[in-house]
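Engineer:
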Amino acid sequence: MPKKVSLEDRDRMADEADFHPDKHPRDARPVLKAIEDRTKGHSWKRFTAHWAREKGEKLPHSVTNSGTNFIFQKLHKHVKLNLEHDERDYVTLKHFKNLLQQLWHNNWHAFPYPLYRVYLLALLKMSMFSSAQVGEYVESTARQHSGRGLYVPEGLTFLVIHNHKDQSEIIIQPTRDSKGMSRKKHKHPRHPMQEDIESLPLYLNPVLEPLAICLARGLFLHFKTADEIFALKPPAEEKYELALDPSTVDLYKQNPGELVDDKKNMAEKVTLHHSKAGRGTPFFEKMSPEGPTREILSASWFGGELGKLSRRSGYDKLISVHDMRAEALVRTNETGHSIEELMQFAGHGGNPQIYFESYMSSTSTVSGVSNILRLGQRRDLAEPLCGLTLRRHPRLWQTLPAKLRQDLESSEECAKLNDQINELTIRMQTAGSDDLQELWEQ
Numbered sequence: 008m009p010k011k012v013s014l015e016d017r018d019r020m021a022d023e024a025d026f027h028p029d030k031h032p033r034d035a036r037p038v039l040k041a042i043e044d045r046t047k048g049h050s051w052k053r054f055t056a057h058w059a060r061e062k063g064e065k066l067p068h069s070v071t072n073s074g075t076n077f078i079f080q081k082l083h084k085h086v087k088l089n090l091e092h093d094e095r096d097y098v099t100l101k102h103f104k105n106l107l108q109q110l111w112h113n114n115w116h117a118f119p120y121p122l123y124r125v126y127l128l129a130l131l132k133m134s135m136f137s138s139a140q141v142g143e144y145v146e147s148t149a150r151q152h153s154g155r156g157l158y159v160p161e162g163l164t165f166l167v168i169h170n171h172k173d174q175s176e177i178i179i180q181p182t183r184d185s186k187g188m189s190r191k192k193h194k195h196p197r198h199p200m201q202e203d204i205e206s207l208p209l210y211l212n213p214v215l216e217p218l219a220i221c222l223a224r225g226l227f228l229h230f231k232t233a234d235e236i237f238a239l240k241p242p243a244e245e246k247y248e249l250a251l252d253p254s255t256v257d258l259y260k261q262n263p264g265e266l267v268d269d270k271k272n273m274a275e276k277v278t279l280h281h282s283k284a285g286r287g288t289p290f291f292e293k294m295s296p297e298g299p300t301r302e303i304l305s306a307s308w309f310g311g312e313l314g315k316l317s318r319r320s321g322y323d324k325l326i327s328v329h330d331m332r333a334e335a336l337v338r339t340n341e342t343g344h345s346i347e348e349l350m351q352f353a354g355h356g357g358n359p360q361i362y363f364e365s366y367m368s369s370t371s372t373v374s375g376v377s378n379i380l381r382l383g384q385r386r387d388l389a390e391p392l393c394g395l396t397l398r399r400h401p402r403l404w405q406t407l408p409a410k411l412r413q414d415l416e417s418s419e420e421c422a423k424l425n426d427q428i429n430e431l432t433i434r435m436q437t438a439g440s441d442d443l444q445e446l447w448e449q
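Residue numbers (my numbering): 8 to 449.
(1) Hey, LYS101 and GLY394 are a contact pair by Cβ (cut 8 angstroms); roughly how many whole angstroms apart?
(2) Mapping DSSP to helix, strand and coil, what is MET200?
(3) With a floor of 4 residues, list each alpha helix (DSSP H) that falls wholly inside the stretch 51-126, ordered by position along the chain.
(4) Exposed or buried, PHE227, counting other C-beta atoms within 10 Å across all chains shown (16 or more means buried)?
(5) Where SER295 and LEU304 are concerned, what is the direct C-alpha to C-alpha distance, given to the nearest angstrom?
(6) What runs of the alpha helix (DSSP H), each 4 residues or longer, lie entirely inside the stretch 385-430?
(7) In three-state DSSP terms, what is LEU228?
(8) Between which residues of its own chain and PRO408 is the CB-CB distance below 7 angstroms, once the five residues before and five after are set aside?
(9) Considering GLN180, what are the terminal residues of the beta strand (DSSP E) in which it resides?
(10) Quickly, what does DSSP pair TYR322 with across the bridge? List them, please.
(11) So what does DSSP say about ASP268, is it helix, strand or coil?
(12) Quick one: grab the DSSP three-state call for VAL159.
(13) Looking at the structure shown, is PRO9 part of a helix, part of a strand, or coil, going by DSSP?
(14) For the beta strand (DSSP E) holding MET294, just list the boundary residues, first then last.
(15) Distance check for SER317 and CYS421, CA to CA, integer angstroms please.
(16) What first and last residue would you give for the alpha helix (DSSP H) that runs through PRO217?
(17) Measuring alpha carbon to alpha carbon, tell me which residue in ASN429, LEU411, VAL167 and ASP96 is nearest PHE237.
(18) Bridge partners of LEU251, per DSSP?
(19) Counting only the same chain and skipping the five closest in sequence on each side, list residues whose C-beta sits under 6 angstroms from that of ALA306.
(20) Only counting the same chain, and skipping five residues up and downstream in sequence, which positions put a Cβ closer than 7 angstroms to that of SER175?
(21) Give me the Cα-Cα distance between THR99 and ALA21, rounded to the nearest whole angstrom.
(22) GLU235 lies in the alpha helix (DSSP H); which residues open and close that run?
(23) What residues match up with SER305 in a beta bridge as DSSP calls it?
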């Protein structure tokens, strides 16, 4: 990948190539983009959802159904529609590790705020380990300006337990603001996630980032350091809950470790955090150059960052949160949980058909060979086949670690290649159609 060319170098190379921008005028008028084939059905869904939010009541089923039927039965005769369904992608454990390793090891991408890297790691693991949809821990695009998502203290629980290995262990339990459960908050799925992941790499630990975020933002009511929490030793069959409270640490203060002691300032800060619908503090809070904004991050941010991360990880497709959700539900179904447990884990609200119609893989988990030949059951066959739709190129430039990239950019061979690329770029910009074809053939 070539180094960025400065404006001075670009002007110099343009002069050397006898390139004059006045000879190539640009039209300043905007080019209107036509509605893509696949967006027409989505536009109808967004309209009906926005109607329900603005009017406070849904359109009658007769209206929504007739609109949907018209789009898919009659409109396609007049407007080109894409009525095909793409094959479902599944973020298998290998793909999931690739994404986390790119964030954890190949640490060259600069986020606008360092905390956002930790946010993204926490969201990836929370979503994967709880089968969450994209707008359940952060504000959904279908709930714009609602501020809904994961809040503390009501949406996140920290426990220190005495586990089966006779050791102290931290358990976290985030609560998903599930789709279709606005009037059933007591039914919102809660997902316990343990600290003990045996000998697996640390970057897979789901407790790491939430613990770091709460400590950095002063969300623990009685603890200021990780050592104080790690020192807790509950007796057998007992547990300690770590109380959470609205943030008392200003991340942008001159002395960021200093707590707010002034009672008046503290009261004002708590009031600000509780002012929006009485929820508390958004766990994934937006940042600005002036500091925390008291607003929750959006699903657009999360989905966009995941898409960019998948590109940096070498994938030719943009991975979505729904791809992780699909894998989580398939693995849950294969481990022998009941249909009731699967529906609760997914947040399907009592409809078992949703899993079969929207998430279940077309690759069968039943081994016909093992059944017919009376062999032991194989549970390791379907997963690698489900993950084939996500293709990865591990040696692309953007997938390399930062140190290796810097060494390559500093090498003499890379400098020569950059000069050749820059020279060809200028020649292509100034060449006519015949010369351009000749350059492409080179």
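Cβ atoms here follow ideal geometry from the backbone N, Cα and C, with glycine treated the same way.
Structural biologist: This is what the structure holds:
(1) Contact between LYS101 and GLY394 holds, since their C-beta atoms are separated by about 6 angstroms, short of 8 angstroms.
(2) Shown here, MET200 sits in a strand according to DSSP, grouped into three states.
(3) You should have 68-80 and 100-111.
(4) Answer is buried; the Cβ neighbour count reaches 16.
(5) Using only the alpha carbons, I get a separation of about 12 angstroms.
(6) The alpha helix (DSSP H) runs of length 4 or more contained entirely in the stretch 385-430 are, from start to end of the chain, 389-393 and 409-417.
(7) The three-state secondary structure of LEU228, taken from DSSP, is coil.
(8) Apart from the 5 residues on each side of it in sequence, PRO408 sits with its Cβ closer than 7 angstroms to the Cβ of HIS112 and ASN113 in its chain, given in chain order.
(9) Run containing GLN180: 175-181, per the beta strand (DSSP E) assignment.
(10) Beta-bridge pairing links TYR322 to ARG399.
(11) Its pLDDT being 46, under 50, ASP268 is placed unreliably in this model, and the coordinates cannot settle the point.
(12) Look at VAL159 here: in three-state DSSP terms it is strand.
(13) Note that PRO9 scores 46 on pLDDT, short of 50, meaning its location in the model is unreliable; the coordinates nonetheless yield the value given after this. Reduced to three states, the DSSP call for PRO9 is coil.
(14) Run containing MET294: 292-295, per the beta strand (DSSP E) assignment.
(15) CA-CA distance, CYS421 to SER317, rounds to 26 angstroms.
(16) Annotation: the continuous alpha helix (DSSP H) that includes PRO217 extends over 215-223.
(17) Of ASN429, LEU411, VAL167 and ASP96, the smallest CA-CA separation from PHE237 is found for VAL167.
(18) For LEU251, which the question treats as bridged, DSSP gives the partners PHE227.
(19) So the qualifying residues of the chain are VAL141, GLY142, VAL145, SER147 and THR148.
(20) If we look at SER175 and ignore the five residues flanking it on each side, its Cβ neighbours are VAL167, HIS169, LEU239, LYS240 and PRO241.
(21) Between THR99 and ALA21, the alpha-carbon positions lie close to 48 angstroms from each other.
(22) Its alpha helix (DSSP H) spans residues 233-237.
(23) Looking at the DSSP assignment, SER305 forms a beta bridge with GLU146.
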